[in-house]
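Taking this note's numbering, I'd label the letters of the sequence shown as residues 14 to 216. Even for Gly, the Cβ is constructed at its ideal location relative to N, Cα and C. Heads up, the thing below is written out as structure tokens.
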Amino acid sequence: MTARMILLTFLLATTAFAAPPKKIGRAMVTFYWLIDESAPRYRGKAKAELVDVRGRIIATTSVRFRRDLIREGSGHLRDGRTVAYDRRVHGTNRFRIVQSTYGVGQLGCALVPYRTVAVDPHFVKLGTTISIPQLKGARLPDGTIHDGIFVANDRGHFRGAHVDLFVGVGPKGARPFIRKGYGSRSHVKVYQVGEAAPDDCNR
């Protein structure tokens, strides 16, 4: 676990005890992850250009990688760089290179596996710390036990009562929650346990 993740865990734990939980509602849970261009599914011919907001070509990848990058939000290029979806400019999708290992969310904060969740801001306000009790106790890949606390610092491409959990690199990252009995499109109860300032990424 990195120093940043240790700090984030401490701050989340502190927030969780600072105020009594406030029920937000019942929500569908799904998962998203960082994609890897070196994975077998992206072996297709490199003919899709990733262009930044200034019109400069960042990389040329397979059509499938580019399509999945738009959907998932962040990915690793074969040369080791991390690329993230930026926005549409004049009707075309644009991308950017980021320094964060796992990419960044809509608030510009680094995505943190098993902490970051994407939401509809009308359901959960961006920047809110939430608790999902059903996911507490999941054993993560590094052997630690999840405390059920997440941070809504990414915006999902959906509307309504839905939380999309960031699980690191690839779909296998969802296994800890699937083993708990909560696979994609299952339903959980969501509670608000704290809220940080919009520009605070250490939450």
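Proximal residues to residue i (C-beta, below 6 Å), its chain only, five neighbours per side dropped
i	result
H170	none
V76	A61
R91	E50 and S51
Length of the line joining the Cα atoms of residue i and residue j
i	j	result
R56	R80	14 Å
P189	K138	26 Å
G208	A59	Checking the displayed sequence, the identity of residue 208 turns out to be Glu instead of Gly. Whole-angstrom Cα-Cα distance: 43 Å.
D167	D99	13 Å
Y204	K36	4 Å
I162	S144	5 Å
G68	A151	43 Å
F78	P33	43 Å
V201	L120	24 Å
Y195	G104	37 Å
K193	A187	10 Å
V206	V96	32 Å
Beta-carbon proximity list for residue i, same chain, < 8 Å, skipping 5 on both sides
i	result
I70	E62, L63 and V64
Run of the beta strand (DSSP E) containing residue i, from where it starts to where it stops
i	result
D81	First-last for D81: V76 to E85, but that is the alpha helix (DSSP H), not the beta strand (DSSP E).
R192	Not the beta strand (DSSP E): R192 falls in the alpha helix (DSSP H), residues R188 to R192.
R107	T105 to V111
Q205	S199 to E208
F163	I162 to R168
H175	H175 to V182
I48	K35 to D49
Burial state of residue i (16 or more Cβ within 10 Å)
i	result
D133	buried
V102	exposed
V125	buried
S51	exposed
T73	exposed
G93	exposed
V130	buried
G183	exposed
H89	buried
Neighbourhood of residue i by C-beta distance below 7 Å, restricted to the same chain and skipping five residues each side
i	result
A123	S113, Y115, V117 and C214
Proximity test, Cβ basis, 7 Å: residue i and chain D
i	result
S51	Looking for chain D here will not work: only one protein chain is present.
Cβ contact (3+ pairs, closer than 8 Å) linking the segment 153-166 and the segment 103-113: The way I'd put it, the segment 153-166 doesn't touch the segment 103-113; fewer than three beta-carbon pairs between them come closer than 8 Å.
Three or more C-beta pairs below 8 Å linking the segment 41-50 and the segment 168-184: Result yes; three or more Cβ-Cβ pairs closer than 8 Å.
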